[in-house]
Structure formats: C-alpha cells, structure tokens
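Numbering (my numbering), first residue to last: 12 to 306.
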C-alpha cells in the first residue's frame, strides 16, 4: 500500500482553505481591473502627477494605488491558501495587519482633526488646503474633484470659517482681486460655490465678482460662504454613527480574514507534524507488513 493512503489530511479544513482562496481570488481580479482601468485613464489623459497633493486629489491615482495594494496582498493570499505555503501566508497576514493598522490610524486621525476646531492649523494642514485652492484650474481632474466637493458639502473655499470661507479664492491667480490680474474671473469664485435654487438648478454666473465687498453685500446670499473644513466638521458631527458603522463594516471582514489565515497556518503546522510522525512510524515498521497501529 502507498504511504499516501496513511497521510490523513483531516487537520486542514477545506472550508477555510477554499474560503480564503475564493475571497482573495475575487479581490485579486478586482484589483487587476482597477489597476488596468486607472492606468489606461492616466495614459490616455497623459496625466503627470507632480506632487503628493495632486496625487491625493486625483481619484484615478488613488484607485491605481489601492488596486496595486489589493493585487499584491491578494496574490499571497491566493497562492498561500491554494498551495498551503506558510511563507506566502506569513506575508499575507503581515500585509493585512499593516493595512488594518493604517486604516485604523487614518480613521482616528480623521475623526480627531475634525472634532477639534483649529487643530488643522496647529498641525500645519492649512498649507495643504491653501495649495488646493491655488492649484485650481491647473488640472481638469483636480478641478472637477474640488467642484464636486464644494457642491456636495455646500461650501466655498477650504478654511475652517463658517462665514468667510469663500475668501480663500482670493489666493488663486485667476480669481484674485489684485490690480495686475487680467483674468475675466477676477474677484470671482467658482460656480461650485453657488447655492442651488429650489428647482435644483444653479446659476453658473452667480459667483462673478463675489470677492468684491460691494458686490458681495448686494448678492452674497447667492453663494455658500462657509469653508469646506468647517462643512466637513459639521458633516462628521451629524453623521458620527453612520461613519462609525461604515468603518466597522470595512474593518470587521479584515479581522475575519486575519483570523482565518492564522487558523489555517495552525492547521498546516499540525498537519505537517502529523505527517512527520506518520512518516517516522512508517519507516520503523516498513518491511514488517504491520502498520495497523499508525494513526
């Protein structure tokens, strides 16, 4: 009889093995699609990301990075579970733990900095947001991102003031009210600062000359004046439970996968130890024809 007949594999759960493989295979396929699509978009637009601010304000670049991370991590999860390779599973577990820690830290950082007024200034994040305003018009994707952001949150400018956020646009070379600005948008704010009418329509020209105090005193009610940092803080305050639920919904499955991979690694170790014991016993009795006591 072949030795294989005595190598019981009941230490390894096929459910855990193929659950890990199936989930990670789906993640890997999804990651590949995200990377391929985002790379194609970057090449098609001849997009050049010049600094970290442009990177974080470009959804396509963020999708490409996220997809790359998913492809890397899921590859080790797929191969490790399918081939029962503990070295691959070690890399997968460590990667998952690192990603999980980063997500928790970013979530806490996000909540903390927006729960305390003025903290953004203390940690020098104002420089980033001022750079966002200054770089408007320099990149179409970034411009669309800012416009959508301001429209969704009904804000204007990036500061933390509830009344004078719109004045941030005075630092943009196209909108500034300085004497040497020859732009037709001089002293204006982007259309995305305009308030929606009752019928849901927006007057795209309502932001014209709103940085001029005289014009603002007459028609300022047509635009949103609060800064977007302030709007974010208010939104977080009003949606704390919903955000917490979303974050838990993202984190809990990752905890589950980490638990599964640890259990699977333990099963592989037990199986290998069992096979080693069986091999040693088989060698001892080989040739005698009595192997009934081998378990």
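For glycine and all other residues, C-beta sits at the position ideal for the given N, C-alpha and C. Only a predicted model underlies this, so the values are computations on that prediction, with no experimental measurement involved.
So for residue 213, helix, strand or coil by DSSP? In this structure, DSSP gives residue 213 a state outside helix and strand, which the three-state scheme calls coil.
Return the first residue and the last residue of the alpha helix (DSSP H) that residue 119 is part of. 97-126 is the span of the alpha helix (DSSP H), which, as asked, contains residue 119.
If we ignore side chains and look at the alpha-carbon of each, how far apart do residue 148 and residue 98 end up? Whole-angstrom Cα-Cα distance: 49 Å.
Which of helix, strand or coil DSSP assigns to residue 205: In the three-state reduction of the DSSP assignment, residue 205 falls in the strand class.
Going by beta carbon distance, what residues of the same chain come within less than 7 Å of residue 200, once the five residues before and after it are set aside? Excluding residues up to 5 positions away in sequence, 167, 177, 180, 186, 218, 221, 222 and 234 lie with their Cβ nearer than 7 Å to the Cβ of residue 200 in the same chain.
Using 8 Å as the threshold, is the C-beta distance between residue 285 and residue 22 below it? Less than 8 Å divides the Cβ of residue 285 from the Cβ of residue 22.
Rounded to the nearest angstrom, how far is the Cβ of residue 93 from that of residue 32, given a contact under 8 Å? Their Cβ separation, rounded to whole angstroms, is 5 Å, which keeps residue 93 and residue 32 in contact under 8 Å.
Through-space distance from residue 155 to residue 215, alpha-carbon basis: One alpha carbon belongs to residue 215, the other to residue 155, and they sit about 14 Å apart.
For residue 227, collect the residues of the same chain with a Cβ closer than 7 Å to its Cβ; drop the 5 residues on either side in sequence, then sort them by chain order. Same-chain partners within the cutoff: 221.
Taking all protein chains shown into account, decide if residue 242 is buried (16 or more other Cβ within 10 angstroms of its Cβ) or exposed. Classification for residue 242: buried.
Which of the three DSSP states is assigned to residue 234 in this structure? Strand at residue 234.
Which residues in the same chain have their Cβ closer than 7 Å to the Cβ of residue 103, if we skip the five residues on either side of it in sequence? For residue 103, where only same-chain residues beyond five positions count, the Cβ hits under 7 Å are 84, 87, 88, 91 and 272.
First and last residue of the uninterrupted alpha helix (DSSP H) at residue 29: Per DSSP, residue 29 belongs to the alpha helix (DSSP H) from 25-55.
Validate contact between the segment 188-197 and the segment 263-278 using beta carbons, cut 8 Å, 3 pairs: Below 8 Å, too few C-beta pairs join the segment 188-197 and the segment 263-278 to call them touching: fewer than three.
Verify whether the separation of the beta carbon atoms of residue 140 and residue 240 is less than 8 Å. Yes. Within cutoff.
For the candidate residues 175, 261, 257 and 275, whose alpha-carbon lies nearest to that of residue 232? When only C-alpha atoms are compared, the closest one is 175.
Which residue marks the beginning of the alpha helix (DSSP H) containing residue 83, and which one marks its end? 70-94 is the extent of the alpha helix (DSSP H) around residue 83.
Output the boundary residues of the alpha helix (DSSP H) element that contains residue 242. Note, residue 242: alpha helix (DSSP H), 239-249.
Does residue 49 get closer than 8 Å to chain D when you measure Cβ to Cβ? Given the protein chain composition of this structure (a single chain), no chain D is represented.
Of the residues 68, 116, 82 and 182, the one placed nearest residue 157, counting alpha carbons only: Checking every option, the nearest Cα to that of residue 157 belongs to 68.
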